[in-house]
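Colleague: Okay, here's the structure, questions in a sec.
Rendered as structure tokens:
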């Protein structure tokens, strides 16, 4: 498991970065801004959204720090993003925690800000519609980013320097995860896949999923109504097994709801691991299955 810290000045794309990681790697993320606003709006602090960043960091970081420790102790992956992560964050964790953590700071160069300031501001709501959005000048944004670069170098923190037209690059996250995996002598091995069933040139069913470490996960299996109960779904699952057989994978996972096809997967050789009951709507009770190679 791993906790990834994403830091940076305002408007550098921290939330968008965290959202992309959530979409690809399924790591949940905590926005420190959301925590801040929850504590302020519930009147648990006299601080305000416009309070000094140092005061907000002093107040928020101890809470976030202990949440991170709890996640690591519970062996849970988590992404934490926000500008209230102190540059000397490593001082607050023992080595056993630091081994499970990675930090990255997003920093825009002066040249980039000067060339793209209007675009930077216009994209501030690309992920979240900010009710409170502190106005920031071009000079302030340059100052904050230059300060962050200086502090990252001082404390030997990793950073991404945004110098050209910024486009999210999954390789950054892949490198973070790969570095972590190499330390533990495992291979992350994340890849998406899809299989399509055809009849007379027509797509009649498809199966999607992804590999992750030594496991395969099936996300979706859909067969057109007209072609159900004709072996299409069985053939798609067989294709997954055939494709990944002998490549070092340990098992195939999938989850289905009670109104879908639990019995079908059992006929395909999957074993029921556990059931998560939905008391409010039994049709949405989830069945977790596994099949070993």
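Numbering (the working numbering), first residue to last: 1120 to 1412.
Glycine included, C-beta positions come from ideal geometry on N, C-alpha and C.
1) Check residue 1236 in the structure and name its three-state DSSP category.
2) Starting from residue 1134, trace the alpha helix (DSSP H) in both directions and tell me its first and last residue.
3) Using 10 angstroms around the beta-carbon of residue 1241, count the other beta-carbons present and answer buried if the total reaches 16, otherwise exposed.
4) Whose CA, out of 1352, 1406 and 1309, lies closest to the CA of residue 1317?
5) Got a sec? Which residues, its chain only, sit under 7 Å from residue 1381 by beta carbon, not counting five neighbours each side?
6) Ordered along the chain, which non-local residues of its own chain (more than five positions away) have a Cβ less than 8 Å from that of residue 1404?
7) Start and end of the beta strand (DSSP E) containing residue 1160?
8) Pick from 1343, 1338, 1333 and 1329: whose alpha carbon is nearest that of residue 1321?
9) How far does the beta strand (DSSP E) with residue 1395 in it reach, from first residue to last?
10) Below 7 Å between beta carbons: does that hold for residue 1207 and residue 1146?
11) Please list, in chain order, all residues of the same chain as residue 1341 whose beta carbon is under 7 Å from its beta carbon, the five residues on each side excluded.
12) Is residue 1134 buried or exposed, if buried means 16 or more other CB atoms sit within 10 Å of its CB?
13) To the nearest whole angstrom, what separates the beta carbons of residue 1199 and residue 1148, a pair I think is in contact under 8 Å?
14) What's the C-alpha gap between residue 1333 and residue 1160?
15) Start and end of the alpha helix (DSSP H) containing residue 1263?
16) Hey, out of 1227, 1258, 1312 and 1158, whose CA is closest to residue 1280's CA?
17) Closest to residue 1205 by CA distance: which of 1273, 1401, 1391 and 1402 is it?
18) What first and last residue would you give for the alpha helix (DSSP H) that runs through residue 1186?
19) If I follow the unbroken beta strand (DSSP E) through residue 1372, where does it start and stop?
20) Can we say the segment 1122 to 1131 touches the segment 1212 to 1230, given the rule of at least three CB pairs closer than 8 Å?
21) For the alpha helix (DSSP H) containing residue 1352, name the first residue and the last one.
22) For residue 1412, which residues from the same chain have a beta carbon less than 7 Å from its beta carbon, with the 5 sequence-adjacent residues on both sides left out?
23) Quick check on residue 1267: buried or exposed, where buried means 16 or more other Cβ atoms within 10 Å of its Cβ?
24) Specify the secondary structure class of residue 1089 as computed by DSSP and reduced to three states.
25) Just the Cα atoms here: how many angstroms apart are residue 1168 and residue 1218?
26) Alpha carbon to alpha carbon, how far is residue 1163 from residue 1329? Give it in angstroms, no decimals.
27) Please check the pair residue 1223 and residue 1125, which I expect to be a contact at CB under 8 Å, by giving their CB distance rounded to whole angstroms.
Modeller: According to the structure data:
1) Helix, per DSSP.
2) 1133 to 1144
3) exposed
4) 1352
5) Taken in chain order, the residues that qualify are 1375 and 1406.
6) 1376, 1377, 1394, 1395, 1396 and 1397
7) Not the beta strand (DSSP E): residue 1160 falls in the alpha helix (DSSP H), residues 1151 to 1160.
8) 1343
9) Its beta strand (DSSP E) spans residues 1390 to 1395.
10) Cβ atoms of residue 1207 and residue 1146: not closer than 7 Å.
11) 1324 and 1325
12) buried
13) Taking a contact as a CB-CB distance under 8 Å, the pair residue 1199 and residue 1148 counts as one, their CB atoms being some 7 Å apart.
14) 44 Å
15) 1257 to 1273
16) The residue with the shortest Cα to Cα distance from residue 1280 is 1227.
17) 1273
18) 1172 to 1192
19) 1370 to 1376
20) yes
21) 1351 to 1363
22) 1364, 1368, 1369 and 1370
23) Within 10 angstroms of the beta-carbon of residue 1267 lie 16 or more other beta-carbons, which makes it buried.
24) Lying outside 1120 to 1412, the shown extent of the chain, residue 1089 is not represented and no answer is given.
25) About 33 Å.
26) 43 Å
27) 6 Å
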